[in-house]
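Numbering of the sequence shown is given in numbering that gives the first Met the number 0, commencing with residue 0 and proceeding in unit increments. Just so you know, even glycine gets a beta-carbon here, dropped at the ideal spot from N, CA and C. Presented below is the structure to which this report refers.
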Amino acid sequence: MKKTVTIKSNRDFQRLYRRGKSAAAGTLVIYWQKNRQGDSRLGITTGTKLGKAVVRNRVRRQIREIYRLNREQLLPGRDIIVVARVRAVSGGYHAMEKDYLRLCKKLGLLRT
């Protein structure tokens, strides 16, 4: 199984927030931009409004799993940041997955 390549530097996050394309849904916001690497990279943001560390980490794990299960459908060479909204906690996994796929389709990130 291929490991997910992640975005870790603050500079990369800021670049995507400023110049990337974005779309929002009830539970998630997705920012994306093409990168010069062959692999897609994933960044996840969960603010303190979501809850304490246990809750934020659970939401991060769920987002990573959604990304992992749908990685083959995505176009390669994209930097993607997923921002979890407060409704991600109460909405649950299936609501996040539905919003993620809808936003990816809207942004043109899915293969046809």
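- In the DSSP annotation of this structure, ARG77 is not part of any alpha helix (DSSP H); the continuous beta strand (DSSP E) holding it starts and ends at 77–83.
- Just so you know, the alpha carbons of VAL4 and ASN34 end up roughly 13 angstroms apart.
- The Cβ atoms of GLY76 and SER21 lie no closer than 8 angstroms to each other.
- DSSP, read as helix, strand or coil, puts SER39 in coil.
- LYS20: not part of any alpha helix (DSSP H); member of the beta strand (DSSP E) spanning 20–23, first to last residue.
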